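Novice: Residue numbers (this note's numbering), protein chains in the order written: chain P, 40 to 178; chain Z, 40 to 178.
Cβ coordinates follow ideal geometry from the N, Cα and C atoms, glycine included.
Note that this is a predicted model, so its numbers are computed, not measured.
Starting off with a structure, shown below.
Number of protein chains: 2
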Amino acid sequence: MTDNPYEASPERRAERLAETAPTECDVRVERLVTELIGRVADKWTMIILEVLEEHKELRFTELARKVEGISQKMLTQTLRHMERDGMVTRTIHPVIPPRVDYRLTPLGLSLGAAFCGVWIWAEKNLTEVEAARTAFDAR
Amino acid sequence: MTDNPYEASPERRAERLAETAPTECDVRVERLVTELIGRVADKWTMIILEVLEEHKELRFTELARKVEGISQKMLTQTLRHMERDGMVTRTIHPVIPPRVDYRLTPLGLSLGAAFCGVWIWAEKNLTEVEAARTAFDAR
DNA sequence: ATTTATACGCACCAAAAGGAGAGTGACCCC
DNA sequence: GGGGTCACTCTCCTTTTGGTGCGTATAAAT
């Protein structure tokens, strides 16, 4: 149970690898991981990931419709970031009017899988969180 | 493989439950889940979760030191949100100078576990993401 | 008497995120 | 020749986020 990776913090995991106190290198890696998570774990990225998981390939306006609530600007921006990070491929068809298709890379798919735990958690614990909130607010 | 919950989107999961097209209720739940994730999946929450997983119980300044980079304001704010959502308990010892202990609830622990997949993903795919970035920037 | 320590709350300000809407280029349809 | 389509980009504006520093209560230590 102590060896279940799902119950270990990154420090713990790093320690198991190094079997020493955290070195300078560990700290650097951890900082990078934290930064990566900060970039990757935003609302729109998660939702776009989900939508693209469901429909293998979508063009810009299709995505805009499916994501619901996202502005054009945010959609473009998020897709660019995802492309830069290697999560999606962007294929431009040189036709008129323009046509651009987005689809997940294997890396993007794997991130979607990693986030799935969080979605499931949210679904499962939604009512508990709401109960905690009303209890908290009742004071 | 198709039945692996880690590879299904929330729509898919909802569909399996309902066996129909998404109803009004499904949409409402999904919206709530999305909102919950938006609140819960921010940088500081994730990091505080990790730190509190490692050290069972910490007081305010201990947390401030361990989290590194967080401002007092953000620490207070994030902890309050986490408390409201039922992730942490806040026990005030009426002594002087004041002493307040924070520890994770079972709910908080379970969220930590849910996020662990993302941490592991980030650790594992860090170099691939960096490679994708430099490749992208090289144009 | 002054300093120190703790866990904040509050007020002010700077920076960043994000929305709305207009513009663009190239072609097809009427 | 005017309008429509698509995938944007650009500009302006508002909202949100987050940092800094000050204030506070209280007792022990110096």
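Using a Cβ-Cβ cut-off of 7 Å (strictly less than) and excluding sequence neighbours within five positions of residue 150 of chain Z, which residues of its own chain qualify?
Specialist: Excluding residues within five positions, the ones whose Cβ falls inside 7 Å are 79, 88, 126.
Novice: What residue does the alpha helix (DSSP H) around residue 265 of chain P start on, and which one ends it?
Specialist: No answer is possible for residue 265 of chain P: it lies beyond the span of chain P, which begins at 40 and ends at 178.
Novice: Check whether chain P comes within 9 Å of residue 86 of chain Z, counting only Cβ atoms and requiring the distance to be less than that.
Specialist: Yes - at least one Cβ of chain P is within 9 Å of the one on residue 86 of chain Z.
Novice: Roughly how many angstroms separate the alpha carbons of residue 120 of chain P and residue 177 of chain P, rounded to a whole number?
Specialist: When rounded, the distance between both Cα atoms is 41 Å.
Novice: What is the C-beta distance between residue 142 of chain Z and residue 95 of chain Z, in whole angstroms, given that I count them as a contact (C-beta under 8 Å)?
Specialist: Between residue 95 of chain Z and residue 142 of chain Z the Cβ distance is about 6 Å, and since that is below 8 Å, they are a contact.
Novice: Determine whether the Cβ of residue 95 of chain Z lies closer than 9 Å to any Cβ atom of chain P.
Specialist: So no, residue 95 of chain Z is outside the interface.
Novice: So if DSSP puts residue 96 of chain Z in a beta bridge, which residue, or which two residues, is it bridged to?
Specialist: Answer is Z:142, bridged to residue 96 of chain Z.
Novice: Under 9 Å, do residue 139 of chain Z and residue 175 of chain Z count as touching if we go by C-beta distance?
Specialist: No, the Cβ-Cβ distance between residue 139 of chain Z and residue 175 of chain Z is not below 9 Å.
Novice: Please classify residue 135 of chain Z: is it buried, with 16 or more other beta-carbons within 10 angstroms of its beta-carbon, or exposed?
Specialist: So residue 135 of chain Z ends up on the exposed side.
Novice: Chain P partners of residue 149 of chain Z, CB-CB under 8 Å?
Specialist: What residue 149 of chain Z touches in chain P: 160, 164.
Novice: Return the residue from the list P:162, P:156, P:148 that minimises the CA-CA distance to residue 92 of chain P.
Specialist: Selected option, being the one with the closest Cα: P:148.
Novice: If you draw a straight line from the C-alpha of residue 77 of chain Z to the C-alpha of residue 133 of chain Z, how long is it?
Specialist: Rounded to the nearest angstrom, the two C-alpha atoms are 35 Å apart.
Novice: Is the shortest distance between the beta-carbon of residue 101 of chain Z and the beta-carbons of chain P less than 9 Å?
Specialist: No, because no Cβ of chain P sits closer than 9 Å to the Cβ of residue 101 of chain Z.
Novice: Examine the Cβ distances between the segment 108-124 of chain Z and the segment 106-120 of chain P and report whether three or more of them are shorter than 8 Å.
Specialist: Counting Cβ pairs under 8 Å, fewer than three are found: no touch.
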